[in-house]
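Novice: Sequence lines, in order, name chains W and A.
Just so we're aligned, residue 311 is where the first sequence starts under the numbering used here, counting upward by one.
Just so we're aligned, residue 311 is where the second sequence starts under the numbering used here, counting upward by one.
Just dropping this structure here.
Number of protein chains: 2
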Amino acid sequence: MNRRKLLGGLAAVTASGIVPGVSRSSAAAGQDAGPAPTGMRAGSRNLITDVAGLKVGHASDPAVRTGVTIILPDAPAVAAVDVRGGGPASRETDVLLPENLVQEVDGIVLSGGSVYGLASADGVAAWMGARNRGFALREAPGIPPSPILPTACLYDLANGGDKAWGEEPPYRKLGVEAVEAAGPEFALGTAGAGYGANSGGLKGGLGSASAMSRDGMTVGALVAVNSLGSAVAPDSRQFWAAPWEWNDEFGGLGTDELAAGPENYGRAMRPRANTTLACIATDVALSRVELKRIAIMAQDGLGRALRPAHAPFDGDIVFALSTADQESAGDTLRAVLVTRLGAMAADVLARAIARAVYEATALAGSDVPAWRDL
Amino acid sequence: MNRRKLLGGLAAVTASGIVPGVSRSSAAAGQDAGPAPTGMRAGSRNLITDVAGLKVGHASDPAVRTGVTIILPDAPAVAAVDVRGGGPASRETDVLLPENLVQEVDGIVLSGGSVYGLASADGVAAWMGARNRGFALREAPGIPPSPILPTACLYDLANGGDKAWGEEPPYRKLGVEAVEAAGPEFALGTAGAGYGANSGGLKGGLGSASAMSRDGMTVGALVAVNSLGSAVAPDSRQFWAAPWEWNDEFGGLGTDELAAGPENYGRAMRPRANTTLACIATDVALSRVELKRIAIMAQDGLGRALRPAHAPFDGDIVFALSTADQESAGDTLRAVLVTRLGAMAADVLARAIARAVYEATALAGSDVPAWRDL
């Protein structure tokens, strides 16, 4: 890979890393905020795949109203996880604990289907093992490697789809379809793991966004939004994430209606069928412990874009991985580098969440409206 | 205590617990949003001490530019903690882990002084022990009880105060002064644990706020804001917490300027001297595990009111305690009750953070401006 030397130091934070914000007048007008400030921009796709060395694949089943999404690095990627919701469904998260052996993952799988969705990684693991991809303690003929595929699922069992799968849930098959579909471009909205998702009384979905700092670090986010909380203010179409919007990527409606009376959650707060699943990616070389801190900071993006968040009924999980296309600065400045990347990650994840709801289309026959139908 | 029966059920969330929000027009005008919506109001003081059975005491040392704050329940209170920042300074947080013996605390101590501030609880513990207050495994003459005083400190060592204390830091003495000063009223802004605090390039301070649901649950927050992140949007005096403001409690400036360009943190992001310390209180009877979830949800209030938050340089900690003045609903609805209280806690903490910065006054001789000087 092309490894460029990166300056991630304090100077970049306090001086050159800070660029002018959106002007007051354009923000107040709530539209035409213009391009991102000089020196900082979204990647060319405004997708997590703007991070070099990363592909994404979706599969969905319209009859079941569910789907699977895989984030697939070209090479094993250092990763971390932060589980913060009260109702998580996951596998292979323990492997990511700092004290454990394996440092890198072969993919991150997000799925609908609640516990049934955990089988999606079975399909991916078998597909990879057959291609000799995965972590190998011993490389020898006849010994398959162990693909490391941390996986998290959201609850879409009650969305009206046909769940009469008996003993044959579709998730293993969907996992294989997703990995075979992986590429640099992928759909947003009603797609992949977000296909059957709802969010705060509106149609949820799959979102993504990216940002590149002017010193060349790329941060991307992908998210499946099935939240208890709402992405928009009560009685408004404005997104909680509006302060961080770029280039009208979710409608450019501004911030002047961002207000919520106490215990007023708009259409949200219908518990028991929730979870927001996210993955942050960057091309900066980081340790798993550093990626854990970035995942923690990114959870604030989830909290800003959704109200409420991290409730007992949410299974909110944020993964973070590095494709390590870039080397990073030395030890003395690493905490500053992590601070910058974590703050970027929070902003990018908030934008990705709004894009998920903005891009979603209602399912035929469902009584849950899409944002665009409001 | 007066124990009232409380309905905390699902019906209260989906119907009666939801009240109308602030109207668009008043929110857009950014002022005169009027009283809180019908049926929901701040407590009479708009302080954490609106929670029945709770006092707060401050002590400060202007020459050293530091101080101590104690949250003092009238009777031992069930409590939990969520440590989320990357640079915490704390004691007696392990005692609050779910699997450990003691369920109740005698007080929560917040202090300046970084590691030296941990001595503040020594003073409080000795004061309480001499009065036979504290957890006693065996009650007998000559055996002092063990006061349970979880404590967290913020970094104000570099704020220009006189730290030439040699081997006699002032925190033990300040702890005693704080507990002796405890009462229902207390100062905001440059006071107590927030006396020497800075926040995102502005003077930080001590904040508090409260809310009461229309079914009679009270939630309060107290916070000492010494954050890496900024409480206001870049190039604006508007607070990130503005969407949740009540009754112009921090200026009523509205939300139309809430926008931030990428990597634009305004005056913030000067690392290495940070931490936001908070305590949530409620009069609803809860287990320690339930209070832990409420502390987790409250961290989103911290993330919403400050940008960025939870960085490696922050020692962000949220305590949560119950004075149990009210009984709560039965087991089947408890997760809904926790969701409501956690969402309220996030809003109240966001408001308390903005009030801390809004009320703060600059220290004489300091080059760090207060918000009111902007």
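Glycine included, C-beta positions come from ideal geometry on N, C-alpha and C.
Note that this is a predicted model, so its numbers are computed, not measured.
Suppose only complete runs of 4+ residues qualify. What are the alpha helix (DSSP H) ranges in the segment 581–660 of chain A, listed by chain order?
Specialist: As far as the segment 581–660 of chain A is concerned, its whole alpha helix (DSSP H) runs of at least 4 residues are 598–615.
Novice: Out of W:G675, W:S546 and W:A656, state which residue places its alpha-carbon closest to the alpha-carbon of G539 of chain A.
Specialist: W:A656
Novice: Would you tell me roughly how many angstroms separate the C-alpha atoms of L616 of chain A and V542 of chain A, rounded to the nearest one?
Specialist: Within the model, the alpha-carbon separation for L616 of chain A versus V542 of chain A is close to 8 Å.
Novice: Considering only the alpha carbon of each residue, which of W:E573, W:G561 and W:R547 lies closest to E555 of chain A?
Specialist: W:E573
Novice: If you reduce the DSSP assignment to three classes, tell me which class R448 of chain W lands in.
Specialist: coil
Novice: What are the residues in the segment 597–620 of chain W lying within 9 Å of chain A by C-beta distance?
Specialist: From the segment 597–620 of chain W, only E600, R603, I606, M607, Q609, D610, G611, L612, G613, R614, L616, R617, P618, A619 and H620 have a Cβ closer than 9 Å to chain A.
Novice: Please determine whether the Cβ atom of I590 of chain W lies at a distance below 7 Å from any heavy atom of the ligand MG.
Specialist: This structure lacks the ligand MG; in fact it carries no ligand of any kind.
Novice: I need the boundaries of the beta strand (DSSP E) containing L484 of chain W, first residue and last residue.
Specialist: Looking at the DSSP string, L484 of chain W is not in any beta strand (DSSP E); the run it does join, the alpha helix (DSSP H), is Y481 to E490.
Novice: Between A339 of chain A and the rest of its own chain, which residues show a CB-CB distance below 8 Å, the 5 nearest in sequence each way excluded?
Specialist: Confidence at A339 of chain A is low in this model, with a pLDDT of 31, below 50, so its placement is unreliable and the value that follows should be read with caution. Once the five neighbours on either side are set aside, the close Cβ partners of A339 of chain A are G564.
Novice: Just to confirm the assignment: which complete beta strand (DSSP E) runs, minimum length 3, are found wholly within the segment 404–474 of chain W?
Specialist: Listed in chain order, they are 418–421 and 461–463.
Novice: Who does G515 of chain W pair with in a DSSP beta bridge?
Specialist: W:V535
Novice: For T403 of chain W, which residues from the same chain have a beta carbon less than 8 Å from its beta carbon, with the 5 sequence-adjacent residues on both sides left out?
Specialist: V391, V393, P460, A462 and I627
Novice: With distances taken between CB atoms, is the gap from L447 of chain W to G417 of chain W smaller than 8 Å?
Specialist: Cβ atoms of L447 of chain W and G417 of chain W: not closer than 8 Å.
Novice: Leaving aside the five residues before and after G444 of chain A along the sequence, list all residues of the same chain whose C-beta is less than 6 Å from its C-beta, in chain order.
Specialist: D416, M438, P455, S456 and P457
Novice: Measuring straight from C-alpha to C-alpha, what distance separates G571 of chain A and A531 of chain W?
Specialist: 17 Å
Novice: Would you grab the beta carbon distance between G367 of chain A and G493 of chain A for me? Rounded to a whole angstrom, and I think it's under 8 Å.
Specialist: Indeed, because the Cβ distance is near 7 Å, the residues count as touching under 8 Å.
Novice: Measure the CB-CB distance between L587 of chain A and L464 of chain A and report whether it falls below 8 Å.
Specialist: Their beta carbons are under 8 Å apart, which means L587 of chain A touches L464 of chain A by this criterion.
Novice: With distances taken Cα to Cα, identify the nearest neighbour of D610 of chain W among A:L601, A:H620 and A:S537.
Specialist: The residue among A:L601, A:H620 and A:S537 with its C-alpha nearest the C-alpha of D610 of chain W is A:H620.
Novice: Would P408 of chain W be called buried (16 or more neighbouring beta carbons within 10 Å of its own) or exposed?
Specialist: By the 10 Å Cβ count, P408 of chain W comes out exposed.
Novice: My understanding is that A653 of chain A touches K513 of chain A, with C-beta atoms under 8 Å, so please give their C-beta distance in whole angstroms.
Specialist: At roughly 30 Å, the Cβ-Cβ gap does not stay under 8 Å, so A653 of chain A and K513 of chain A are not in contact.
Novice: Less than 8 Å between CB atoms is the rule here; does G353 of chain A satisfy it with respect to chain W?
Specialist: no
Novice: Going along the segment 562–589 of chain A in order, which residues come within less than 8 Å of chain W, judged by CB to CB distance?
Specialist: G564, T565, D566, E567, L568, A569, A570, G571, P572, E573, N574, Y575, G576, M579, R580 and P581
Novice: What are the boundary residues of the beta strand (DSSP E) that V388 of chain A is part of?
Specialist: A387 to V393
Novice: Can you name the residues of chain A whose CB is closer than 9 Å to the CB of F623 of chain W?
Specialist: A645, V646 and T649
Novice: Should G470 of chain W be labelled buried (16 or more other beta-carbon atoms within 10 Å of its own) or exposed?
Specialist: exposed
Novice: State the DSSP-derived secondary structure class of A674 of chain A, mapped to helix, strand or coil.
Specialist: coil
Novice: By DSSP, does P330 of chain A sit in helix, in strand, or in coil?
Specialist: In this predicted model, P330 of chain A has a pLDDT of only 28, less than 50, meaning its place in the structure is not dependable enough to derive any value.
Novice: Span of the beta strand (DSSP E) holding S370 of chain W?
Specialist: L364 to D371
Novice: In angstroms with no decimal places, state the Cα-to-Cα distance between V599 of chain W and G397 of chain W.
Specialist: 24 Å
Novice: Spell out a yes or no on whether the segment 374–381 of chain W and the segment 498–511 of chain W are touching, meaning 3 or more CB-CB pairs, one atom from each, closer than 8 Å.
Specialist: The segment 374–381 of chain W vs the segment 498–511 of chain W: in contact.
Novice: Counting only beta-carbon separations shorter than 8 Å, does V332 of chain A have a partner in chain W?
Specialist: Low local confidence applies: a pLDDT of 26 at V332 of chain A is under 50, so the model's placement there is unreliable, with the coordinate-based value given in what follows. Closer than 8 Å: yes.
Novice: Does N410 of chain A pass the burial test, meaning 16 or more other C-beta atoms within 10 Å, or should it be called exposed?
Specialist: exposed
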